[in-house]
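Data first, discussion second: the structure below is written as structure tokens.
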Amino acid sequence: MNATQPTAAEGSVPVIPWWFSAVLGIIMGVTLTLIRTQRYFFIVGAGVLALMIFVVGILTIRRRQRHAELMQSRTSLGYLLWMLVIIILAGPVHTIYLADEPTELWLKSVLLSLGFTVAIRQVDRHLVAHSRQRS
Numbered sequence: 026m027n028a029t030q031p032t033a034a035e036g037s038v039p040v041i042p043w044w045f046s047a048v049l050g051i052i053m054g055v056t057l058t059l060i061r062t063q064r065y066f067f068i069v070g071a072g073v074l075a076l077m078i079f080v081v082g083i084l085t086i087r088r089r090q091r092h093a094e095l096m097q098s099r100t101s102l103g104y105l106l107w108m109l110v111i112i113i114l115a116g117p118v119h120t121i122y123l124a125d126e127p128t129e130l131w132l133k134s135v136l137l138s139l140g141f142t143v144a145i146r147q148v149d150r151h152l153v154a155h156s157r158q159r160s
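Quick note: the sequence shown uses my numbering, first residue 26, plus one each step.
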């Protein structure tokens, strides 16, 4: 933990670690790329995405139980904009840009992973920052 991240002892909600958002972003980017291009990866990819949604849901529930101020947090404009980025990456960008060659697959996977990583991190930061303003 570095000096810029608040601790739970201070009474504030900690932001998710950067490595956790990177892991989620990479899993989402690679899985969405392979689901769209590899015929035999569809069932496995759907299972990976379902498991990831389940894990994130459980972690969110546990986090809100520990930090009740997150239950009262309202959405900010930044939160809504970053959620829109996630929706655009998972929807139109993912389905419109079809990759055929291995270099295109690699590029699409890296770009989706990077986009999801940054967007997940920013969504959480805006949510936590807005909950701090209310308390």
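For each residue, glycine too, the CB sits at the ideal point set by N, CA and C. Model, not experiment: these values are computed from the prediction.
For residue i, the three-state DSSP class (helix, strand or coil)
i    : result
Y122 : coil
S9   : Residue 9 lies beyond the range of the chain shown here (26 to 160); nothing can be said about it.
Q147 : helix
V69  : helix
V153 : helix
R99  : coil
A39  : It should be noted that the sequence gives Pro, not Ala, for residue 39. Of the three classes helix, strand and coil, the one that applies to P39 here is coil, per DSSP.
M26  : Per-residue confidence for M26 stands at a pLDDT of 43, beneath the threshold of 50, marking its modelled position as unreliable; no derived number is given.
Run of the alpha helix (DSSP H) containing residue i, from where it starts to where it stops
i    : result
I111 : L102 to I113
A93  : Here A93 belongs to no alpha helix (DSSP H), and DSSP marks it neither H nor E.
G54  : W43 to T62
Inter-residue CB distance, residue i and residue j (contact presumed, cutoff 8 Å)
i    : j    : result
T62  : L130 : 6 Å
A144 : K133 : About 16 Å separates the two Cβ atoms, so there is no contact after all.
V165 : T58  : Since the first and last residues shown for the chain are 26 and 160, residue 165 lies out of range.
F141 : I113 : That pair is no contact at about 11 Å.
Nearest to residue i (by Cα), restricted to the options the options
i    : options                 : result
A101 : V153, P39 and W43       : The displayed chain sequence assigns Ser, not Ala, to residue 101. It is V153 whose Cα lies nearest to the Cα of S101.
L136 : A47, F45, G54 and F67   : G54
R89  : H155, V38 and R150      : V38
T99  : F141, P42, R150 and W44 : Checking the sequence shown, residue 99 turns out to be Arg, not Thr. The shortest C-alpha separation from R99 is found at R150.
G70  : G82, R87, V80 and I52   : I52
Q147 : M108, T128 and M77      : M108
The stretch 87–96 / the stretch 43–53 touching (three or more Cβ pairs under 8 Å) = no
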